[in-house]
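In terms of this note's numbering, the first sequence opens at residue 15 and continues consecutively. Glycine is no exception: its CB is placed at the ideal position from the N, C-alpha and C atoms.
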Amino acid sequence: MFTFHLEGTDGGGRAGRLVLPHGIVETPAFMPVGTHGAVRGLHPAEVQEAGATIILGNTYHLHLRPGEQVIEALGGLHRFTTWPGPMLTDSGGFQVFSLEGLRRIEEGGVEFVSHIDGSTRVLTPESSMEIQWALGADVAMAFDHVVPGQAPHALATEGMERTLRWLARGRDRHAELAAESAPRQTLWPIVQGGTHADLRARSLEGTLALGPWTGIAIGGLSVGEPKPVMHEVLERLGPGLPEDRPRYLMGVGFPDDLVEGIARGVDLFDCVAATRNGRHGSAWTTGGKVNVRKAGHRRLDEPLDPECDCATCRRFSVGYLRHLFVAGEMLGMRLVSLHNIRFLIRLAADARRAIEEHRFTAWRRAWHARSHARGDA
RNA sequence: GGUGGGGUGACCGAGUGGCUAAUGGUAGCAGACUGUAAAUCUGCCGGGCUCUGCCCUACGUAGGUUCGAAUCCUACCCCCACCA
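So, in structure tokens, the structure goes:
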């Protein structure tokens, strides 16, 4: 349980197999985000059919609504949502970042003003573990302090050091909870440190000292810093990361980010962009980014991406998708969300195959050539 | 036929002498979105140009008053309500 087998490496990329209580995750893999216990707009069967092996839930949001006690009473997050495979819950640490005007950070924990009813909610490293334990995902994440990408050294230091102190507390609480029952959930730490090389190094060192861990996450990236900076952080971190543990780059990314992350040794990704952009009518395709709503698509009788095997592309024309968006039909948002998650899942699977077949560098080069041809960033 | 109300940019609808190419909203067009406070947000939205500005056209139609009119006056056309 909670084991990771590195099955092959090539051109910086890693092909692996992560074994979790609810199933196996072949890596590299993209994990769709289901904040409220649902990948927004999609039926679990659709998410499965798109090839997802593991999805996320969110501690903060599920704590607010419906509350972990309710989910526990209904059999835990898996039974509640009917998602049969592995799940991972984010700790609420990202909400410390994203809900910045609605929270106050103290050493003990973070006080949030609920955006739902204005009530005060406190999340601590310990309570985040208790909530996640009650939710019962395969993987729980440490409660961290995420700072913006432009954070100066002092602030990044504060967030990084606090993340380490909170990690020790969360680890201890999680161990207490886990000691009371059969193993069912593992806890992964999160490396912070912003864009500062020295802080990232210290964060990694401190994190490993608090281990052992069954996996390790890299947080605080794609939060406003330039892309080359993110790449550099990953490159510097790589050599220090245990080879036999999965590496999870949190909150990333766009298609190019997956390719570049994989090339720098990342095994797991998650990102809301697939579903959010999908709801907003923006699709990733092998031909580049497509704005489904564009007027020029009115009479386009072709699939979004002729190379895509998703349920949307197999059946519907862009002309129809555009109509759904213009008419405000929710089906349009669902169909493009579905396409986008399939696109990222297939991208990761293609990369995996290329690594297994030792042609990852060429595969990556070909990807960028196409990327360049279509003028993507 | 009479009386009263009204005709504003694709649509709805503010504006009642200068700060008005004309508030808002809708529709339309384009863009953004990275561990989801997001089915959200931003920009453009009469035409033209030698485009940090200039010119033309525009508030039912035609004329008038005024330095200046979508705003005041006259006539006409059309719409609505009520009365005959």
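DSSP bridge partner residues for residue i (one or two, in chain order)
i           : result
residue 15  : Beta-bridge pairing links residue 15 to no other residue.
residue 29  : 22
residue 285 : 46
residue 1   : Not covered by the structure: residue 1. The range shown for the chain is 15 to 391.
residue 232 : 205 and 263
residue 119 : 124
residue 104 : 72
residue 200 : 153
First through last residue of the beta strand (DSSP E) which encompasses residue i
i           : result
residue 67  : Run containing residue 67: none; DSSP gives neither H nor E here.
residue 37  : 37-41
residue 297 : 296-299
residue 157 : Looking at the DSSP string, residue 157 is not in any beta strand (DSSP E), and its letter there is neither H nor E.
residue 135 : 134-137
residue 304 : 302-305
Beta-carbon spacing of residue i, residue j below 7 Å
i           : j           : result
residue 213 : residue 174 : yes
residue 58  : residue 96  : yes
residue 271 : residue 300 : no
residue 359 : residue 64  : yes
residue 220 : residue 259 : no
residue 289 : residue 385 : no
residue 217 : residue 207 : yes
residue 302 : residue 285 : no
residue 47  : residue 76  : no
residue 238 : residue 164 : yes
residue 183 : residue 139 : yes
residue 85  : residue 158 : no
residue 37  : residue 99  : yes
residue 273 : residue 378 : yes
residue 146 : residue 154 : yes
residue 125 : residue 136 : yes
residue 170 : residue 202 : no
residue 167 : residue 129 : no
residue 348 : residue 89  : no
Inter-residue spacing [alpha-carbon to alpha-carbon] between residue i and residue j
i           : j           : result
residue 149 : residue 91  : 5 Å
residue 107 : residue 118 : 13 Å
residue 287 : residue 356 : 13 Å
residue 123 : residue 253 : 32 Å
residue 178 : residue 121 : 12 Å
residue 325 : residue 353 : 7 Å
residue 305 : residue 297 : 6 Å
residue 250 : residue 127 : 37 Å
residue 329 : residue 344 : 17 Å
residue 18  : residue 27  : 15 Å
residue 133 : residue 143 : 21 Å
residue 380 : residue 39  : 26 Å
residue 49  : residue 233 : 17 Å
residue 15  : residue 198 : 9 Å
residue 361 : residue 277 : 13 Å
residue 391 : residue 269 : Because the pLDDT at residue 391 is just 45, under 50, the model does not fix this residue reliably, and the point stays unresolved.
residue 82  : residue 321 : 42 Å
residue 74  : residue 160 : 14 Å
residue 181 : residue 364 : 35 Å
residue 376 : residue 67  : 27 Å
residue 307 : residue 53  : 22 Å
residue 247 : residue 336 : 39 Å
residue 275 : residue 105 : 22 Å
residue 22  : residue 35  : 23 Å
Residue i: first and last residue of the uninterrupted alpha helix (DSSP H) it sits in
i           : result
residue 243 : 241-251
residue 95  : 90-95
residue 374 : 374-387
residue 173 : 167-193
query = Per the contact definition of three or more C-beta pairs closer than 8 Å, is the stretch 309-319 in contact with the stretch 358-372?
reply = Counting Cβ pairs under 8 Å, fewer than three are found: no touch.
task = Flag this pair as touching only if the stretch 30-42 and the stretch 236-245 have three or more C-beta atom pairs under 8 Å; answer yes or no.
result = Between the stretch 30-42 and the stretch 236-245, the count of C-beta pairs closer than 8 Å stays below three; the two stretches do not touch.
query = Taking three-plus beta-carbon pairs below 8 Å as touching, is the stretch 34-53 in contact with the stretch 291-310?
reply = Contact fails: fewer than three Cβ-Cβ distances are below 8 Å.
query = Would the stretch 252-266 and the stretch 182-195 be scored as touching if the rule is three or more Cβ pairs under 8 Å?
reply = No contact exists between the stretch 252-266 and the stretch 182-195.
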